[in-house]
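Visitor:
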Amino acid sequence: MANSEKHVKEPLVHLTRRMNVSASFAWMIRIGAFILSILVCCLISSLLSDKVSFGFFFKYLFGGTFGSSMLIMNLLRDLAIYLLLALAVTPCFKMRYWNIGGEGQAMMGAFGCSLVVAYASGKLPVWGTILLSFAAAVVLAVFWAVVPALFKAKWNTNETLLTLMFNYIAICLGAYLIKKVAPMGTGILNFQDGTLASLGVGDFWIIVVTVTVLTVLMFIYQKYSKHGYEIAVVGEAPNTARYIGINNKKVIVRTLLLCGILSGIAGFLLVSVKDASFLSDSTSQSTVAGRGFTAILISWLAHFHPLAMALTSFLVVFITRGANQIGNMARLGNSYAGMMVGIFFFFIIATEFFINFKLNFRPRAEKAAPAGAGPKPAGEQEGTV
Amino acid sequence: MGNNLAIEMVNITKAFGTKVVANKHVNMDLREGEILAVLGENGSGKTTLMNMIAGIYTPDSGKIIVRGEEVVIKSPIDAFRYHIGMIHQHFKLVDLFTAADNILLGERMPDDYGHGPKFFRWLRFNHLSRNRVKDLQKTVDRYGFGLDLSRKIYDMSVSEKQTVEIIKVLYRGADILILDEPTAVLTPQEIDKLFAVLRKMRNEGKSIIIITHKLNEVMAISDRVCVLRKGEHIATVETAKTTEKELTDMMVGQKIDLNINRTGPVQPLPRLMVRDMSVVNKEGRTVVDHVSFDVCGGEILGIAGISGNGQKELLEGIAGLQPKAGGDVIFRNPKRDKPVTFYHKDLKKIRAMAAEGFFHYPDGECVDLRGKKDKEVIRLVNGEQLLFYEDEIIDLKDKTPREIQELGIKLSFVPEDRLNMGLVGNMSIVDNMMLRSYRKSRSVFVNRKRPKQLADDIIRDLEVVTPSDMVPVRRLSGGNVQKVLVGREISSSPKVLMAAYPVRGLDINSSYTIYNLLNIQKRKNVAVVYVGEDLDVLLALCDRILVLCGGRVSGIVDARHITKEELGLMMTKVPDIVPSYTYEGLQKEAEDNG
Amino acid sequence: MITVITQAIRFGIVFLYGSTGEILIEKSGHLNLGIPGIMCLGGVGGCMGAYWTYQAGAPAFLVVLVAVLMAMLFGGLGGLLYGVFTITMRCNQNVTGLSLTTFGAGILGFWGTQMGEKEIMFAPASRYAFTPSLFFGNSTPDNWFTTIFMSHGVLVYLGILFAVIVYLILNLTRTGLSLRAVGENPAAADAAGIPVIRYKYVSCVIGAAISGVGGAFYLLDCTRGSLEYMIDAMGWLAVALVIFSLWRPNISIFGSFIFGFLYILPRYIEGVGLAEKELLKVIPYAVTALVLIVISFFNKKETQPPAALGLPYFREDR
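Protein chains in written order, with my numbering: chain X, 2 to 386; chain D, 692 to 1285; chain R, 41 to 358.
(1) What residues of chain D sit near Tyr-225 of chain X, judged by a beta carbon separation below 7 Å?
(2) What residue range is occupied by the uninterrupted alpha helix (DSSP H) comprising Ser-59 of chain R?
(3) Please report the distance separating the alpha-carbon of Val-274 of chain X from that of Gly-233 of chain R.
(4) For Arg-31 of chain X, is the classification buried or exposed, using 16 other Cβ atoms within 10 angstroms of its Cβ as the cut-off for buried?
(5) Which residues in chain D sit within 7 Å of Ala-232 of chain R, going by Cβ to Cβ distance?
(6) Taking its Cβ as the centre, do 16 or more other Cβ atoms sit within 10 Å of Ser-283 of chain X, making it buried, or is it exposed?
(7) Go ahead and pull the three-state DSSP assignment for Ala-1191 of chain D.
(8) Does the Cβ-Cβ distance between Lys-897 of chain D and Asp-866 of chain D come in under 7 Å?
(9) Under a CB-based cut-off of 7 Å, is Trp-145 of chain X close to chain R?
(10) Select from X:Phe-305, X:Leu-270, X:Gly-261 the residue whose C-alpha is nearest the C-alpha of Ile-131 of chain X.
(11) Three-state secondary structure (DSSP) at Lys-705 of chain D?
(12) According to DSSP, Tyr-225 of chain X sits in a beta bridge with which residue or residues?
(13) Using 8 Å as the cut-off, can you tell me whether the segment 826-842 of chain D makes contact with the segment 755-771 of chain D, which would need three or more C-beta pairs spanning the two stretches below that distance?
(14) Shorter than 7 Å from the beta carbon of Ala-369 of chain X to some beta carbon of chain D?
(15) Quick one: grab the DSSP three-state call for Val-979 of chain D.
(16) Rounded C-beta distance between Pro-767 of chain D and Gly-797 of chain D? I'm assuming under 8 Å.
(17) Taking just the CA atoms, how far does Val-143 of chain X sit from Ser-1132 of chain D?
(18) Measuring only the C-alpha atoms, how far is Val-41 of chain X from Asn-972 of chain D?
(19) Less than 7 Å separating the beta-carbons of Cys-272 of chain X and Ala-111 of chain X?
(20) Give the residues of chain D in contact with Lys-341 of chain R, contact being defined as C-beta atoms less than 7 Å apart.
(21) So for Val-916 of chain D, helix, strand or coil by DSSP?
(22) Please go through the same chain and pick out, in chain order, the residues whose beta-carbon is closer than 7 Å to the beta-carbon of Leu-1012 of chain D, but skip the five residues on each side of it.
(23) What is the rounded straight-line gap between the Cα of Val-1121 of chain D and the Cα of Arg-1139 of chain D?
(24) Rounded to whole angstroms, how far is the Cβ of Gly-144 of chain R from the Cβ of Pro-235 of chain R, which I believe are closer than 8 Å?
(25) Listed in chain order, which residues of the segment 204-219 of chain R have Cβ atoms closer than 7 Å to some Cβ of chain D?
(26) Counting only C-beta atoms, is Leu-138 of chain R closer than 7 Å to chain X at any point?
(27) Please report how far the alpha carbon of Arg-264 of chain R lies from the alpha carbon of Tyr-207 of chain R, in whole angstroms.
(28) Please identify, using Cβ separations under 7 Å, the residues of the segment 1082-1096 of chain D that lie next to chain X, in order along the chain.
(29) Taking its Cβ as the centre, do 16 or more other Cβ atoms sit within 10 Å of Ser-139 of chain R, making it buried, or is it exposed?
(30) Three-state secondary structure (DSSP) at Ser-50 of chain X?
(31) Which first and last residues belong to the beta strand (DSSP E) in which Leu-740 of chain D is found?
(32) If we define contact as Cβ-Cβ less than 7 Å, is Asn-894 of chain D a contact residue for chain X?
(33) Here's a check: name, in chain order, each residue in its chain whose Cβ is nearer than 7 Å to the Cβ of Leu-259 of chain X, leaving out the five neighbours to either side.
(34) Measuring CA to CA, which of R:Ile-63, R:Pro-306, R:Gly-156, R:Gly-85 is closest to Val-253 of chain R?
(35) Report the rounded CA-to-CA distance for Phe-51 of chain R versus Gly-334 of chain X, giving the unit in angstroms.
(36) Taking the alpha helix (DSSP H) that Tyr-1221 of chain D belongs to, which residues open and close that run?
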């Protein structure tokens, strides 16, 4: 404080921003954090439950994800869904538009798809239903993505908070739909026909192939297309964008349009292919089931790079599925996995700090350095704190 | 007025990096109860010197003595401890709060203040400070600030915000005040008011330093003047015993002969015509005031002026980045240069067009057909003796920045924040090259081949020091960033090139590279506008110099026949008779150079 | 009707706790999306505290007190974790908050399962929290006024008290002024000699502690000791309430009542289908979204989110 008699203490650690970070250094820190997070998870688990030993932990961590070809297929399918949701929000983040509404946008996609399937199946040929439900999924998701963007562009409405609200509006709408279609149901709409699943299309291949293609396309879009270039300029240096005549507002709306399309596809795949069901209630237990939020983390951890996102979503799915398996085997409950994933996230988030900042420890010798011999301090007011 | 020294700075040196020495062995002293003006051009190290008293920087060597005691000032808080307060150009105020809240913010209340049990004082209810606000308002009224402390900052004009900053510093008990260019943002009336306040404070025993480069203000307010030039202390003199002329001489120094190879103007014809242009900034101040001038192809028009006198707004106005409050900008787009035949035009039309100056003889002279007979005209035309210069006359009024850019009017502005005006720090040199050109092709994808070529050319030709062309621009040193920026603007073969402060912060060699580039553009008949800070460079590089002062033109002069002192005077005040050296003079110059 | 109002107040208090805490945090320039997770943590702490003291046979007020303190401790620890990540380590606030939500919800769920397996019941202990006897005794007359205003457990009144205190601190004290300065313009606050980092930490931890009590209150009072219900939905409504009340705890007292009313309305409304009842739940979010849009449209300085919300502050970045 300004007027206190004692001099300001030099902090023990002084932070400076690292300017030149080599990729190998960054990846070393990340890999280290990943291993450390697994070890900490293991340690905590074994403390929490007698059943979990180190061997048990690792056996089921890997067993749960790679144990059988079936498990590996499930892993890849889950990975693909996460990746797709992350791909959708990535261009927004790249533009520094904090769209945390991926959850709601995918939900609206699923909603549109279910709506069509619930009311039109049987009245239309199967292919017609599928096409219509796909269109409905994309249109609704786009609508859900673009509306906040329009407000952002027009009045600079805080997009983080607005998209957050839009998530819950979408979830409530989903719950409404279920109750409307199946008033006495369990809160789950199961679809027999009118979905891709009803055609006997293997959910694994269609999801994995679609997402692989979209990932590559997104990589190309971000790296080589003019749109991707404009997004980067608007995000990195909005003033420069103004200087060279980019219409920032147009770019925002256009990017969210793309985001909506991808979210819509994700919603469509979730309902029409993966589970052929639409479930929702007012909590986070829903069709999208919080994946939209996790996708934000996946995208951010990969520094918005589509190919790196494949890796981060793999890690997330790996931990989730592995922890689920451990939880089941040791009878620790469904939430055990959430806890472990939370720990894992914290470790990975922390890596950003060590990558971006350098810790300069104060040398011991300087401790005794005189802090400046001055006259009487201004205002001898000893405040009570 | 006492003669005790409030502050003494002895032999102060401060360098940034290895190349830029901001202050070299500077000695300065401030007496108690006086107003000292620190005078110097941009980049002369005034602000750096003052920042060392205010605790923003610490000197590399030298001593600071406050009231007879040697001190180390590490932070602004340290500075407060020695009763020193500085008012920066950028205010640090919370917009949402009232003036009173901003002033009282962060201040500790004395133990014995307020009433009631200690617990309530610990809670520090704001109403306890209401009485203090009243006291404060009294102080404010006593100095004649004329400010209502209950108003919120965002409702205030710049001058009122400045007043709040001054009161804040005073309230914190400062009796040495440093004001960094306090008049830069004020209207003349507000300046008078500020000066009245400063005088009152001096009479009450405060010591005040005012950083400025405006001579009239120095003469009006200060007791003594300390002149800095290029980081060195030139002299400290009593204001009453000096003249504006003498001060200018000290400020600008002797003319230095720079070896810039200046060629004559090349076919100087007006390319860009600015008429009565005005720009009003966000705060509602007129920053460009009815400016008129021409820029010719094949010349370098220098724009001189103390920074913040409308240079940036003028150029941004031309580039369409600032809304213009009035006036026209006309661009003559040189289009064709070919003989004309009757196949295309009839006689009447040719005569009309000649009157507008569209035809030239092969030697460049404008054709006057008024005195010529029809037969002779036909002979000239059929003999392909008439060159056709039907320039496109384009009014830039309704053009978007992008359209203006695509016409070939390029603005490369090098601000303090180089990386957010024209470049993207986190992108590679190659990607930065594309910023202007990526829209040209019809393809959905960007083509990095040509930008890469360009990047490599620039790296080679301009000697950009970089590990590769894929390094993010942010990681290059300032000079190299500038080379990239200027290089890119030049590469797009502009018709008008406006370069503002292109050598700001560069070392000598890099600066020369940039001067050379500008000269090459001039030889290519590009109209070059160069906004510079160093008068010596302006004199050596430019063909004509336009001097701006307070957003007004205080003269357009021939750079070959003017002295630095004359320029310096014009920069500080608009003369009664504004000299205007038109492009006809240039054409004569071009002929002489032949 | 009286029941509806009574219940509305009761459920509203959950949002009030959450939003009071979040307002305090957001005023320091931090958008904590981990509030749902922090409420979960607080719930764990609260139940734990209540159970222990109840088992030990402590008197009612001690049970409640220990529950509150434990909830504050757990919530505060969550806030400290968030603070270390976003204040010291300058990590992205959204990402950290969302992780904290995942983590907190995981802990509550995990712990709940464990307790369920051990057949530990919190219902008996929670009785002390929701019965009004602690405060007004049993001798109060039975009319509409007492039902609405005096039939609640002690934590309801504590929630309102917290909101009032936070309101007073923010608006009337110098500390509040400094805190708001930190959230509006940390550089200016720093220049004025306010210890920015310390302020941020204190508000993050205390805010999280208050939110944590909300979680405990929900589990002990609203669900009467049942851990079956998820708290995180309540957490998001609390975040919505912050916006709805324009970052002012005094408005949020009334806003919480409205939110509580809308939240429980579907249960009491008659003649409306199940589906439409689901649709009613959208109202709080939709109204909040509308509020956001309206304030951005009018762009009045006083109603905007804190100017530095979501931005990390690193002095040397100037």
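Think of the CB as a built atom: it goes at the ideal place given N, C-alpha and C, for glycine as much as any other residue.
Guide: Working from what's here:
(1) Phe-1136, Val-1137
(2) 42-67
(3) 59 Å
(4) buried
(5) Leu-796, Gly-797
(6) In this prediction, Ser-283 of chain X scores a pLDDT of 39, lower than 50, which makes its location untrustworthy; the coordinate-derived value is nonetheless stated afterwards. Per the 10 Å Cβ criterion, buried.
(7) strand
(8) yes
(9) no
(10) X:Leu-270
(11) strand
(12) None, per the DSSP bridge assignment.
(13) no
(14) A caution first: Ala-369 of chain X carries a pLDDT of 38, below 50, which makes its placement in the model too unreliable to give a value.
(15) strand
(16) Between Gly-797 of chain D and Pro-767 of chain D the Cβ distance is about 11 Å, and since that is not below 8 Å, they are no contact.
(17) 29 Å
(18) 58 Å
(19) Residue identity check: residue 272 of chain X is Val in the sequence provided, not Cys. Result yes, Cβ atoms of Val-272 of chain X and Ala-111 of chain X sit closer than 7 Å.
(20) Asp-786, Leu-787, Tyr-845
(21) strand
(22) Pro-1092
(23) 7 Å
(24) Between Pro-235 of chain R and Gly-144 of chain R the Cβ distance is about 28 Å, and since that is not below 8 Å, they are no contact.
(25) Leu-212, Thr-213, Arg-214, Thr-215, Leu-217, Ser-218
(26) yes
(27) 29 Å
(28) Thr-1091, Pro-1092, Arg-1093, Gln-1096
(29) buried
(30) coil
(31) It is not in any beta strand (DSSP E) - Leu-740 of chain D instead sits in the alpha helix (DSSP H) that spans 737-745.
(32) no
(33) Pro-92
(34) R:Gly-85
(35) 28 Å
(36) No alpha helix (DSSP H) contains Tyr-1221 of chain D, which is instead part of the beta strand (DSSP E) from 1218-1222.
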